[in-house]
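Visitor: Residue numbers (UniProt numbering), protein chains in the order written: chain A, 1 to 345; chain B, 1 to 443.
Positions of the beta carbon are idealized from the N, C-alpha and C atoms, including for glycine.
Now the structure itself:
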């Protein structure tokens, strides 16, 4: 069993932990097993041993060189743009940049005072939470079902993974069309059931529609992690439970689910980030933020204010705020949930 | 296979042209025309390039109007702007005060071309000029007109749509109640332009103070105190009664009309090309309706785009730009463009030429836009709109109207909120541009 859960920060810690565990360089320690105690940075041994030393020599030269491409990418696509956004957020400027005024935090003040922006925050909150629950819930059910399927399991997996290969904009148009009240077949079904479905008119319907579309697009991502996580559950435990008379659902809920803790935690963080930043194309294709701003999530508002309204200062201030929200959200999750997650299975 | 051969042939053709064309001055024109309109624009540029041997205009499609605007902003900031760019009417103030443009009239006069700017039809000229001087070259000017399904109206016992909103409403309800069509009309995607802004112009309602912004940056919206409120209420009522439908995302309103599902459609005269090609119905078009207590109705205002000239190029290139703008203003070019696209001819002379040739006998609906634009004498309610950040204020207003449609707000409340939000946006524009005079610097 050398299965690793692909959790970036766990993996990053793993080599250090290996060193502490006595540093048998060739001994692969599964990340999930290696955890358990939190690393406290101060007691880090200066001398690296084993595999790491053999490969990287003594000086910082080679590691730095190997890191360079990634650092350059970060520099050009993260640090410089972030800095520019920070600078722009305290400026009032015309789009061509010929007239620029320094306005301190006026852009932020205007934003926080505007009902439009507050609505956008509320919408984003409900959208990401609902999307998270829906995505994880469905992915769990599907992952659970994977084990129960005897014939055509790989076909089943492939089909579930397909939506991930579809571009978000295409997926969005697909959903918009299927649920278009005038021509969409699924909308006709809903109307046939007596539901006055109209996402072009009804804000709640629109929010439901984009949530469904965004979740559908992301279920496969969660699914693949959960399936891999389930594979890591020791068969002996499951068999023992089965011998004790626990049914499949009981086994899943009482044994597999707690052991999936780290994966679920990781996926929750990823789902939030997905909801915050990557759902732009779906919103653009399905509702364009409407009706009446009902699906105008923060990231979409950043785009509209920056690239349609050409209000660069406000748009930059919004992206700074959005980034802070994402950071706070991730930190809070770590603070409150990371402790409750059991890594030491 | 055929396309491939054609492509290779075109490639060789292009290569053959490179030789003798080396001495030609090349200038770029970024535009937002796609589909049929894009093809026509390329034909127009080709006509110009073939008409002389000194200059070459390269037309580059940069996406929709928003994308073109963003493209030119990025290019200007990187100090590599195109020589010419097509910008939509709503971006007028942004461009005028950008400090990044060369006023068109200054340029062509300096280069010695004699374009008669007084011959441009009034709503077009007044929209694109500042203090009587043309800032940008009117290129694709349109105005909304009223499209209808002839068969539906005949079946309901009407000759044609009524002139007033009040009578039209009765007709649409009759059509609906007789089951002739599923919906009387479809909400246009740009309803704020046709059903609120142009509605205000035609019905002599002010949209903002200071002559709709013509007299200064201190303008404020006032459409919450005009007939616009009852117009929004009317649309809401039609929506609730099923007389009007919203096509919504993923589907174009035009299709609901051309497929015969909805009986009428308020849309730009520029959709002639599309409707002629796609409609499976017996269609016609007429003037936009007006309120029964407003008689005579005023002119409508324009939409569409104009060609702006960007700062920062060499005199030789401006020679090429001036030559091209002169070509665009020629009656011959205007008449051809009018016929090829459905946009209005921008000058009176071009319109006269089209008439003399009997063009409107075969294409009566093409004349509606010109007649509607040029009827009467434009007053300060109908001359057009001069609002800064006009895209942003429009989006805020649209959001408020959607709130009415969704039943979240009453029309009066929504328009009050729209005006309030719009005015905040206007104040920001004023703050940024206070004391700034439009570009007068010569190239």
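1) Is residue 96 of chain A close to chain B? Criterion is C-beta to C-beta, closer than 9 Å.
2) Any Cβ of chain A within less than 9 Å of the Cβ of residue 76 of chain B?
3) Can you confirm whether residue 421 of chain B, when its beta carbon is compared against all beta carbons of chain A, has any partner nearer than 9 Å?
4) Within 9 Å of any Cβ in chain A, is that where the Cβ of residue 424 of chain B sits?
5) Helix, strand or coil for residue 95 of chain B, going by three-state DSSP, please let me know.
6) Assuming residue 48 of chain B is part of the alpha helix (DSSP H), what are its boundary residues?
7) What does residue 432 of chain B touch in chain A if you count any residue whose Cβ is under 8 Å from its own?
8) What residues from chain B crowd round residue 109 of chain A, counting only those whose CB sits closer than 8 Å?
9) Please state whether DSSP places residue 333 of chain B in a helix, a strand or coil.
10) Identify the contact partners of residue 307 of chain A in chain B, using a Cβ-Cβ distance below 9 Å as the criterion.
11) Let me confirm a value: residue 137 of chain B is counted as buried when at least 16 other C-beta atoms fall within 10 Å, else exposed. Which label applies?
12) Please go through the same chain and pick out, in chain order, the residues whose beta-carbon is closer than 6 Å to the beta-carbon of residue 337 of chain A, but skip the five residues on each side of it.
13) Can residue 220 of chain B and residue 423 of chain B be called in contact, C-beta distance under 9 Å?
14) Output the boundary residues of the beta strand (DSSP E) element that contains residue 141 of chain B.
15) Could you confirm whether any beta carbon from chain B is found closer than 9 Å to the beta carbon of residue 85 of chain A?
16) Looking at the C-beta of residue 280 of chain A, does it have a partner C-beta in chain B at a distance below 9 Å?
17) Say whether chain B places a C-beta atom closer than 9 Å to the C-beta of residue 287 of chain A.
18) Kindly indicate which three-state DSSP category residue 220 of chain B falls into: helix, strand or coil?
19) Using the beta-carbon count (16 or more within 10 Å), is residue 217 of chain A buried or exposed?
20) Just the Cα atoms here: how many angstroms apart are residue 155 of chain A and residue 238 of chain A?
21) Excluding sequence positions up to five away, which residues of its chain have a Cβ less than 6 Å from the Cβ of residue 293 of chain A?
22) Could you tell me the distance, in whole angstroms, from the CA atom of residue 287 of chain B to the CA atom of residue 163 of chain B?
23) DSSP on residue 337 of chain A, reduced to helix/strand/coil?
24) Classify residue 308 of chain B as helix, strand or coil using the three-state DSSP reduction.
25) Have a look at B/260, B/291, B/255 and flag the residue whose alpha-carbon is nearest the alpha-carbon of residue 274 of chain B.
26) Closer than 7 Å by beta-carbon distance: list the chain B residues that pair up with residue 210 of chain A, in chain order.
27) Determine the direct distance from the alpha carbon of residue 171 of chain A to that of residue 209 of chain A, and round the result to whole angstroms.
28) Residues of the stretch 90–102 of chain B with a CB closer than 8 Å to any CB of chain A: list them in chain order, please.
29) Mind listing which residues of the stretch 233–252 of chain B have their C-beta closer than 7 Å to chain A's C-betas, in chain order?
30) I'd like to know if residue 400 of chain B contacts chain A, where contact means its C-beta is closer than 9 Å to some C-beta of that chain.
31) When we look at the beta-carbon of residue 361 of chain B and count the other beta-carbons within 10 Å, is it buried (16 or more) or exposed?
32) Please report whether the beta-carbon of residue 392 of chain B lies at a distance below 9 Å from any beta-carbon of chain E.
33) Should residue 240 of chain A and residue 254 of chain A be called a contact, given that it needs their Cβ atoms to be closer than 9 Å?
34) Based on Cα-Cα distance, which residue from A/260, A/222, A/297 lies nearest to residue 121 of chain A?
35) Just list the beta strand (DSSP E) runs in the stretch 244–286 of chain A, keeping only unbroken ones of 3 residues or longer that don't cross its boundaries, in chain order.
36) In three-state DSSP terms, what is residue 152 of chain B?
Guide: To lay it out plainly:
1) yes
2) yes
3) yes
4) yes
5) helix
6) 35–51
7) 92, 93, 94, 99, 101
8) None at all; the shortest Cβ gap to chain B is about 12 Å.
9) helix
10) 66, 67, 69, 70
11) buried
12) 265
13) yes
14) 137–142
15) no
16) no
17) yes
18) coil
19) buried
20) 25 Å
21) 119
22) 8 Å
23) helix
24) strand
25) B/255
26) Neighbours of residue 210 of chain A on chain B: none; closest Cβ ~10 Å, over 7 Å.
27) 12 Å
28) 94, 97, 98, 99, 100
29) 245, 246, 247, 248, 249, 250, 251
30) yes
31) exposed
32) This model lacks chain E altogether, as its protein chains are A and B.
33) no
34) A/297
35) none
36) helix
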